[in-house]
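Going by the working numbering, the sequence shown opens with residue 47, and the numbers climb by one from there. Ideal Cβ placement from N, Cα and C applies to all residues, glycine included. A quick note: this is a predicted structure, and the numbers were derived from the prediction, not measured.
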Amino acid sequence: MSNQESSNTATNKKVILSGMQPTGRLMIGNYAGALRNWNALQHTHDCLFCVVDMHAITVRQKPADLRRTSLDVAALYIASGIDPEKSVIFLQSHVPQHAELAWVLTCLTYMGECSRMTQFKEKSEKHSETVGLFTYPILMAADILIYQADLVPVGADQKQHLELTRNLAERFNHYYSDTFVVPDPYIPPDGHRIMSLQEPDKKMSKSDSNQKSTLFLTDSPDEIRNKIKRAVTDSGTEIRMDEARPAVSNLLTLYQIATSKPMADIEAHFAGKNYAELKSELADAMIALLEPVQAEYNRLMDDKTYLEQILKDGAEAARRRAHKTLRKVYKKTGFVPAFS
Ligand code: ATP
Ligand code: LTN
47 MSNQESSNTA
57 TNKKVILSGM
67 QPTGRLMIGN
77 YAGALRNWNA
87 LQHTHDCLFC
97 VVDMHAITVR
107 QKPADLRRTS
117 LDVAALYIAS
127 GIDPEKSVIF
137 LQSHVPQHAE
147 LAWVLTCLTY
157 MGECSRMTQF
167 KEKSEKHSET
177 VGLFTYPILM
187 AADILIYQAD
197 LVPVGADQKQ
207 HLELTRNLAE
217 RFNHYYSDTF
227 VVPDPYIPPD
237 GHRIMSLQEP
247 DKKMSKSDSN
257 QKSTLFLTDS
267 PDEIRNKIKR
277 AVTDSGTEIR
287 MDEARPAVSN
297 LLTLYQIATS
307 KPMADIEAHF
317 AGKNYAELKS
327 ELADAMIALL
337 EPVQAEYNRL
347 MDDKTYLEQI
357 LKDGAEAARR
367 RAHKTLRKVY
377 KKTGFVPAFS
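Have a look at this one:
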């Protein structure tokens, strides 16, 4: 449990921090596994959502792509319902305190703690084994601890990083004195894992090289219809959830995301129908789900000044909060305050 109470004494709400990497266009898995829950949480919690562009460069990025995708991700946060009046939305690189805290935490982290991270092992097989990839989880810990977050909504693959974050917070608190809230992971009760449309035993990913595998939030109705039509199916004809038939189960899960209906009703609806009918109805439902998101996204991209203002205000609010924590940390560490 937390060593300290939630830092937001003004609102008495628990603080939530989460983020996504701008490593590609957002897709339906990001919506189902994260954005939908962030949306719900912002009504009851004090939420900060960042676009973690500094994490994205742990894997080589083309500068023009990174610039475009970072704004794209921010616009899609807002278009899918994250309300800038309720939540703080910002780009990680606009708040230098993340990197500054990360350095202090780096000096408290043992080599073994980073080298046992499974995501590091997986990513360093596919990409250059840089020190940035190695210390990635320490920057993530800084993202969280700098805002004294109580809860961190993440997918199961991030639990190990959260564990390190907790250990670092406890280590700092123990060595210096109580400073950080020790955050808990928040694994959503109805978390859905969306699988690739082409290889249903692999998770859908925004950076998959095969674009047919992924339903992007900005895909046109034709693209959505075509990708769903070409999605692989399993043997057998029955349309119901079945662990042994990941392809049909994935299509049904997507239908549930798009319609918010209970799975039992969905299975009853498709009883006796065929794959073509399922795919056609799923495409209709997905197009209807994404239509308002895309309309809002297009509006935001057409008027960049509004988006830029939100990110400017978000970064200012985030910097104010981050500065408070960093000042305490520097003082406790023994750094001489800057002379004015
Ligand atoms: P990359 O392809 O760059 O590894 P990704 O698309 O797999 O990225 P992340 O940026 O790692 O996704 O994740 C952002 C958020 O979206 C996380 O909270 C993660 O749990 C969620 N998420 C990602 N992919 C899926 C998926 N297929 N199903 C459900 N949730 C997902
Ligand atoms: N590692 C996370 C992205 C991320 C994050 C964070 C999530 C970076 N910093 C802080 C929650 C809180 C990912 O790859 N999904």
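According to DSSP, is residue i helix, strand or coil?
i	result
glycine 65	strand
isoleucine 192	coil
isoleucine 135	strand
proline 234	coil
leucine 298	helix
threonine 95	Note that residue 95 is phenylalanine in the sequence shown here, rather than threonine. The answer is strand: DSSP assigns phenylalanine 95 an E or B state.
valine 105	coil
phenylalanine 218	helix
arginine 226	Sequence check: residue 226 is phenylalanine here, not arginine. Three-state DSSP puts phenylalanine 226 in coil, outside helix and strand.
valine 382	coil
lysine 21	Past the boundaries of the shown model lies residue 21; the chain is included only from 47 to 386, so the question cannot be answered.
methionine 73	strand
proline 183	helix
glutamate 278	Note on identity: in this sequence residue 278 is valine, with glutamate being the wrong assignment. The answer is coil: DSSP assigns valine 278 none of H, G, I, E or B.
leucine 117	helix
proline 263	The residue asked about is misnamed: residue 263 is leucine in this sequence, not proline. Three-state DSSP puts leucine 263 in coil, outside helix and strand.
lysine 249	strand
leucine 292	Note that residue 292 is proline in the sequence shown, not leucine. Reduced to three states, the DSSP call for proline 292 is helix.
leucine 357	helix
glutamate 51	Reliability fails at glutamate 51, whose pLDDT of 45 lies under 50, so the model's placement of it is uncertain and the value that follows must be treated cautiously. Glutamate 51: coil per DSSP, three-state reduction.
Using 8 Å for Cβ pairs, my map puts residue i next to residue j. What's the rounded Cβ distance?
i	j	result
tyrosine 232	threonine 104	Between threonine 104 and tyrosine 232 the Cβ distance is about 24 Å, and since that is not below 8 Å, they are no contact.
aspartate 247	proline 292	6 Å
lysine 252	leucine 72	6 Å
arginine 217	proline 229	So it is not a contact: roughly 14 Å between Cβ atoms.
serine 310	proline 199	The sequence shown places alanine at residue 310, not serine. About 27 Å; that fails the 8 Å criterion.
Can you tell me the Cα-Cα spacing of residue i and residue j, whole angstroms?
i	j	result
histidine 101	lysine 275	35 Å
leucine 300	leucine 335	11 Å
alanine 125	leucine 357	14 Å
glutamate 86	serine 306	According to the sequence as given, residue 86 is alanine; it is not glutamate. Using only the alpha carbons, I get a separation of about 14 Å.
leucine 112	lysine 319	44 Å
asparagine 219	isoleucine 74	39 Å
proline 109	tyrosine 321	42 Å
phenylalanine 316	arginine 286	8 Å
asparagine 296	aspartate 348	34 Å
glutamate 159	glutamine 165	12 Å
glutamate 362	lysine 370	13 Å
alanine 195	valine 61	5 Å
glutamate 342	methionine 157	45 Å
threonine 152	lysine 167	19 Å
lysine 273	threonine 264	13 Å
glutamate 51	cysteine 96	Summary for glutamate 51: the model assigns pLDDT 45, below 50, so the residue's position carries little reliability; its value from the coordinates is reported in the next sentence. Their backbone Cα atoms lie some 23 Å apart in a straight line.
aspartate 330	asparagine 58	42 Å
glutamate 269	leucine 208	36 Å
valine 294	proline 267	21 Å
leucine 328	glutamine 302	9 Å
isoleucine 128	tyrosine 352	15 Å
valine 150	methionine 332	45 Å
Using a Cβ-Cβ cut-off of 7 Å (strictly less than) and excluding sequence neighbours within five positions of residue i, which residues of its own chain qualify?
i	result
lysine 205	Pro231
aspartate 254	Ser242, Thr260
glycine 282	Arg291
Quick one: is residue i buried, meaning 16 or more other Cβ sit within 10 Å of its Cβ, or exposed?
i	result
tyrosine 77	buried
asparagine 49	Below a pLDDT of 50, predicted positions are generally treated as unreliable, and asparagine 49, at 43, falls in that range; the measurement from the model is reported next regardless. Counting Cβ neighbours within 10 Å, asparagine 49 comes out exposed, since fewer than 16 surround it.
proline 142	exposed
valine 382	exposed
cysteine 93	buried
phenylalanine 385	exposed
valine 177	exposed
alanine 202	exposed
glutamine 88	buried
glutamate 354	exposed
Between which residues of its own chain and residue i is the CB-CB distance below 8 Å, once the five residues before and five after are set aside?
i	result
histidine 144	Met100, Gln138, Leu185, Ala188, Asp189, Ile192, Ala368
lysine 374	Thr225
leucine 372	Gln143, Glu146, Leu147, Ile192
Among the residues of its own chain, which have a CB less than 6 Å from the CB of residue i, if the five just before and after it don't count?
i	result
tyrosine 222	Lys378
methionine 47	Here methionine 47 scores only 38 on pLDDT, less than 50, and its place in the model is too uncertain to base an answer on.
Check the Cβ-Cβ distances between residue i and every residue of chain B, and say whether any is below 8 Å.
i	result
aspartate 129	Reference to chain B is not applicable here, since this structure consists of a single protein chain.
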